[in-house]
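J.:
Here it is in structure tokens:
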């Protein structure tokens, strides 16, 4: 009887340990410099799911914030299908754009041999399943202004090489954007003094 009792206690302890491990594995504590996009990649989930599971209305995070990084299996299928249908272009465009970093800047470029800013945007969106217009001005006209940007939104700049709207990038969260600018496509902070002085607006397609 004692052996049976000990076995049951041991089994219960092991089960509790496994459950605790699983519970711990389903959360992530935010570290300084992390964004929803980097956390989504490290946990192999989408940004939209992270926002849904944690009831987030923006991409703003703070150090030591604890995020849920997995959902309930019972509703994962339908929820994932709904989320994918509604937000795949906006979320996956960040993934596509990040794959294009390091490609040389070429004025008028629209291929992986070289991009200009709007060519980079058009290519990334097309790869994520959405056809958009070609030029910076037409992309500006095609999109709607937002005050709380989400990863996948466009960020526009003015008075760079010409007066008015003249440059565009893709917001990736954590106050950063990816764009074809300078010598190559790259990630840049909106705190950068040059781009901060040229910032115009965030817009959504």
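Numbering (our numbering), first residue to last: 3 to 207.
Heads up, the beta-carbon is just placed ideally off N, CA and C, and yes, glycines get one too.
Which residue comes first and which comes last in the alpha helix (DSSP H) that contains residue 60?
T.: Counting from one through the chain shown, the residue named residue 60 turns up at place 58. Here residue 60 belongs to no alpha helix (DSSP H), and DSSP marks it neither H nor E.
J.: Excluding sequence positions up to five away, which residues of its chain have a Cβ less than 6 Å from the Cβ of residue 169?
T.: Position 167 of the chain shown, counted from the first residue, corresponds to residue 169. So the qualifying residues of the chain are 119, 159 and 162.
J.: For the candidate residues 193, 201 and 186, whose alpha-carbon lies nearest to that of residue 99?
T.: In the chain shown, counting from the first residue as 1, residue 99 sits at position 97. Checking every option, the nearest Cα to that of residue 99 belongs to 186.
J.: How is residue 44 classed by DSSP in three states: helix, strand or coil?
T.: One-based indexing of the chain shown puts residue 44 at position 42. Correct three-state label for residue 44: helix.
J.: Which one of 200, 36, 189 and 177 has the shortest CA to CA distance from residue 164?
T.: On the chain shown, residue 164 is found 162 positions in, with the first residue counted as 1. Residue 164 has its Cα closest to that of 200, out of 200, 36, 189 and 177.
J.: Could you tell me the distance, in whole angstroms, from the CA atom of residue 177 to the CA atom of residue 38?
T.: Along the chain shown, one-based indexing puts residue 177 at 175. Along the chain shown, one-based indexing puts residue 38 at 36. Rounded to the nearest angstrom, the two C-alpha atoms are 11 Å apart.
J.: Counting pairs of beta carbons, one from the region 139-147 and one from the region 110-117, are three or more of them closer than 8 Å?
T.: Contact between the region 139-147 and the region 110-117 is absent, because fewer than three Cβ pairs lie under 8 Å.
J.: On a CA-only basis, which of 197, 131, 107 and 71 is nearest residue 97? Give me that one, please.
T.: Start at 1 with the first residue of the chain shown, and residue 97 comes out as number 95. Selected option, being the one with the closest Cα: 131.
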